[in-house]
DNA sequence: TTATCTAATCGTATATTTGCGATATAAGAT
DNA sequence: ATCTTATATCGCAAATATACGATTAGATAA
């Protein structure tokens, strides 16, 4: 691959893609689902729930955090995570404005 | 990496992740956006719009098609693509049932 | 202090993705 | 039949992602 061409696209396209990339692994979906149900969750609980090693879970949490989908705070020797609902709202509204709004106009059959 | 552990998760988690993976690149977002606006589109038009080589665009189209997000038919020497809105509906409803419904109950502040 | 417990990071192996040029295929035009 | 034209596929190189064990760092307990 000569070069990464991602910067050649619009910021909205990159943002949507980045959010989608963050939720593009079942382990991260499972993490978010758990956080959504419990409102907050300790890292160790997630390690017990998921069929993955502690280091791998930690890596997935790091990705979700750096993508802005979750927040985390250190609580003594452990780490507490929760969902950043604002990021989900932003994704939802951009996804809708891009696809769901257009859908209403264009649902006629095609190829 | 010893093994790919994706099959260890639920089917819903895998389906959501697969859809997200399909839209996790700005080029594929741009393709879908164009198809949503025009209802259908010839491959060559997409190649002109995107800052990518023809072979790369073709590859992205293949991924979108095998993920079920678009349909394509051969029209003489060219290929016509359009969005499969059903796939978007399914993603939307699963995404909402997983996150947006829970959000209403759990929006209190946390970590 | 030393020991323990929790979580993050490092190092590494392997798998997958991204991208392009070159080639193949298939339909239409000459 | 040959020449375009449009698209798909192949083959390769480089970049990223996935996963784990080992190690490190930080807080509490003994």
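Chains as they are written, first to last, in our numbering: chain A, 1465 to 1575; chain B, 1465 to 1575.
A virtual CB, placed ideally from N, CA and C, is assigned to each residue, including glycine.
Rounded distance between the beta-carbons of residue j and residue i, thought under 8 Å
i               : j               : result
residue 1530(B) : residue 1481(A) : Their Cβ separation, rounded to whole angstroms, is 18 Å, which puts residue 1530(B) and residue 1481(A) out of contact at 8 Å.
residue 1627(A) : residue 1479(A) : Given a span of 1465 to 1575 for chain A in the structure shown, any question on residue 1627(A) remains unanswerable.
Same chain, Cβ closer than 7 Å to residue i, neighbours up to 5 away in sequence not counted
i               : result
residue 1516(A) : 1491
residue 1532(A) : 1548, 1551
Same chain, Cβ closer than 8 Å to residue i, neighbours up to 5 away in sequence not counted
i               : result
residue 1513(A) : 1494, 1498
Nearest-angstrom Cα separation, counted from residue j out to residue i
i               : j               : result
residue 1471(B) : residue 1520(A) : 16 Å
residue 1474(B) : residue 1508(A) : 21 Å
residue 1562(B) : residue 1510(B) : 33 Å
residue 1536(B) : residue 1518(B) : 16 Å
residue 1476(B) : residue 1525(B) : 24 Å
residue 1546(B) : residue 1467(A) : 29 Å
residue 1496(A) : residue 1560(B) : 13 Å
residue 1549(A) : residue 1523(B) : 34 Å
residue 1469(A) : residue 1538(A) : 37 Å
residue 1534(A) : residue 1534(B) : 31 Å
Please determine if the stretch 1540 to 1549 of chain A and the stretch 1543 to 1561 of chain B are in contact, where contact requires at least 3 C-beta pairs separated by less than 8 Å. no
Which full runs of the beta strand (DSSP E) of 3+ residues lie inside the stretch 1516 to 1560 of chain A, going along the chain? 1534 to 1539, 1542 to 1547
Three CB pairs or more closer than 8 Å across the stretch 1484 to 1504 of chain B and the stretch 1470 to 1486 of chain A: yes
Inspect the CB distances between the stretch 1559 to 1568 of chain B and the stretch 1500 to 1511 of chain A and report whether three or more fall short of 8 Å. yes
List, from N- to C-terminal side, the alpha helix (DSSP H) runs of 4 residues or more that fit wholly inside the stretch 1475 to 1505 of chain A. 1475 to 1486, 1490 to 1502
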